[in-house]
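A.B. asks:
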Amino acid sequence: MNAPVNVKPRGRQFFNNPGPTNIPDRILRAMDRPVMDFLAPEFLEIQRACMAGVKRILKTDQNLFIHASTGHGAWEAAVANLFSPGETVLVVETGYFSLGWKEMGETLGLKVETLPADWRKGVDISKLAERLAKDKAHEIKAVFAVHNETATGMVLPLAEVRRAIDEARHPALLLSDTISSLGSMDYKMDAWGVDVTVGGSQKGLMMPTGMALTGVSDKAMEASRTSKMPKYYFNWELMNARKPQRFIGTVPVHFFFGLHESITMLEEEGLDAVFARHARLAEATRAAVRAWGANGKGPTLYGQTPDRLSNSVTTVLMPEGVSSDGLRKAALERYNLSLGGGLGPLMGKVFRIGHLGDLNEPMLLGCLATTELAMTTAGVPFAKGGVDAAIESLAGRA
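Going left to right, the sequence shown walks through residues 2 to 399 as this note's numbering numbers them.
Here's what the structure looks like:
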């Protein structure tokens with residue numbers, strides 16, 4: 002007998018969006034405490050520990066700023082602090098969020114050039130090297146990149162991007178968005194030569210939305226001193242001058258309580274183990290999707306370059322002529338499973354399975370099984386066996 006419609010689902014929602022993500026009870030409890038003076042010695046010790054912990058996750062010994070904003074605030078801080086109106090930057094196209102960098106740069110008065118790429122395959126790094134080599138006057142002041150493109154489920158190899166810049170003997174800064182990879186995939190800011198890294202609280206750090214971070218190299222700090230872009234709240238020099246709290250306005254103490262617990266949880270598990278867990282869950286998800294499309298009629302992986310597939314989110318391409326809207330509606334309203342939708346030109350064409358943050362094997366298998374149930378309910382054609390394929394992958398027998 003079919004379940005009645007318009008009945009509120011029971012039990013805890015399975016939340017498999019690629020951000021925000023599940024907030025662990027430990028972090029919720031850490032934030033559930035009375036407010037504290039942000040100049041109190043007890044709080045300053047928590048803040049210092051958080052700054053040091055974030056640097057360990059970013060793998061940097063350089064500068065760090067934290068803002069009460071989303072990751073887009075950190076984007077704007079980077080642009081406002083580094084450039085002057087009319088200067089030229091180059092955006093490496095990776096998907097929806099790379100075009101967000103472009104839109105922000107143009108809005109703030111920059112000349113923005115895009116290095117085009119096929120979203121399903123990823124950019125050809127040699128094209129970046131060619132473009133920079135042609136810039137003999139060094140008009141391009143920076144390269145903007147998205148490390149993990151949340152919309153497409155594709156990774157950009159930042160070490161190769163830096164290598165292309167260096168081999169072209171170009172002085173351009175490298176700016177990177179690590180919002181959906183931070184705390185889920187290895188990130189080496191200093192070793193990869195990243196000058197500015199922007200991140201957010203609501204994905205791999207497992208916290209509520211509303212805290213952004215910006216890692217800044219010494220080279221970028223020096224460049225910021227000649228910027229003519231107007232700024233106040235996001236002004237790095239002003240923040241450095243506001244000692245000891247290094248914040249413009251009131252410090253969001255409860256976010257720091259949560260961040261302190263988040264860092265503790267990540268380091269208790271061990272960062273390498275965290276990254277291995279994400280890789281294991283990601284590969285199981287991809288095994289399920291490959292099984293669903295094995296008959297040539299079902300959903301398939303959107304990304305087509307195997308070594309660039311994300312370990313934090315899998316983007317799934319719907320069969321031709323089938324919208325993802327019905328599937329996501331059935332998953333949410335009938336079965337209490339929240340899946341990500343397509344963004345920009347991918348709306349209705351894909352759905353996204355987030356497998357980052359506070360997640361384990363039973364949670365992922367519940368998501369994949371319920372996705373199969375929702376596909377059946379919504380009439381989406383697919384081959385059976387996706388969950389079995391994921392189990393085989395997780396058991397190490399795939």
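Yeah, the Cβ is synthetic: ideal placement off N, Cα and C, and Gly gets one too.
Work out the CA separation of A292 and R278 for me, nearest whole Å.
C.D. replies: If I take the Cα positions, the gap works out to 21 Å.
A.B. asks: Beta-carbon within less than 7 Å of E168's beta-carbon, same chain only, minus the 5 sequence neighbours each way: which residues are those?
C.D. replies: These residues qualify, in order along the chain: A130.
A.B. asks: Can you list, in chain order, the residues of its chain whose CB lies under 6 Å from that of A332, leaving out five sequence neighbours each side?
C.D. replies: These residues qualify, in order along the chain: L338, L340 and A375.
A.B. asks: Which residues in the same chain have their Cβ closer than 6 Å to the Cβ of M2, if we skip the five residues on either side of it in sequence?
C.D. replies: Residue placement at M2 cannot be trusted, given a pLDDT of 39 that sits under 50; what the coordinates show is reported in the next sentence. Correct list: empty, nothing qualifies.
A.B. asks: Buried or exposed for E88, going by 16 or more other Cβ atoms inside 10 Å?
C.D. replies: Buried, because 16 or more other Cβ atoms sit within 10 Å of the Cβ of E88.
A.B. asks: Looking only at its chain, what residues have a beta carbon closer than 8 Å to the beta carbon of P172, apart from the 5 residues adjacent to it on each side?
C.D. replies: So the qualifying residues of the chain are H139.
A.B. asks: Compare the Cα-Cα distances from A81 to each of L29, A213, P21 and Y233 and report the closest residue.
C.D. replies: Among L29, A213, P21 and Y233, the Cα nearest to that of A81 is on Y233.
A.B. asks: How far does the alpha helix (DSSP H) with T372 in it reach, from first residue to last?
C.D. replies: Start and end: E362 to A379.
A.B. asks: Tell me whether the beta-carbon of G72 lies closer than 8 Å to the beta-carbon of V199.
C.D. replies: It is a contact, given that the beta carbons lie within the stated cut-off.
A.B. asks: With 16 as the cutoff for other CB atoms within 10 Å, does N17 come out buried or exposed?
C.D. replies: Label assigned to N17: buried.
A.B. asks: Quick check on S85: buried or exposed, where buried means 16 or more other Cβ atoms within 10 Å of its Cβ?
C.D. replies: S85 should be labelled exposed.
A.B. asks: If you run the structure through DSSP and keep just helix, strand and coil, what is S85?
C.D. replies: Coil, per DSSP.
A.B. asks: What first and last residue would you give for the alpha helix (DSSP H) that runs through K103?
C.D. replies: Its alpha helix (DSSP H) spans residues Y97 to T108.
A.B. asks: Please give the ranges of any alpha helix (DSSP H) in the stretch 152–217, keeping only runs that are unbroken, at least 4 residues long and fully inside the region.
C.D. replies: The qualifying runs are 159–168.
A.B. asks: A79 and E94 - do their beta-carbons sit closer together than 8 Å?
C.D. replies: No, the Cβ-Cβ distance between E94 and A79 is not below 8 Å.
A.B. asks: Check this for me: beta carbons of K350 and M319, under 8 Å apart or not?
C.D. replies: Cβ distance < 8 Å, so K350 and M319 count as in contact.
A.B. asks: Give every residue of the same chain whose Cβ lies closer than 7 Å to the Cβ of H255, excluding the five residues on either side of it in the sequence, and list them in chain order.
C.D. replies: Same-chain partners within the cutoff: M32.
A.B. asks: Between L40 and T251, what straight-line distance do the alpha-carbon atoms span, to the nearest angstrom?
C.D. replies: Near 10 Å, if we compare the C-alpha coordinates of T251 and L40.
A.B. asks: My guess is that T151 and S181 are in contact by the Cβ rule of under 8 Å, so how many angstroms apart are they, rounded?
C.D. replies: That pair is a contact at about 4 Å.
A.B. asks: Give the secondary structure of E94 by DSSP, where H, G and I count as helix, E and B as strand, and everything else as coil.
C.D. replies: The answer is coil: DSSP assigns E94 none of H, G, I, E or B.
A.B. asks: Excluding sequence positions up to five away, which residues of its chain have a Cβ less than 6 Å from the Cβ of L260?
C.D. replies: The answer, listed in chain order, is C51.
A.B. asks: Assign K56 to one of three DSSP states: helix, strand, or coil.
C.D. replies: The answer is helix: DSSP assigns K56 an H, G or I state.
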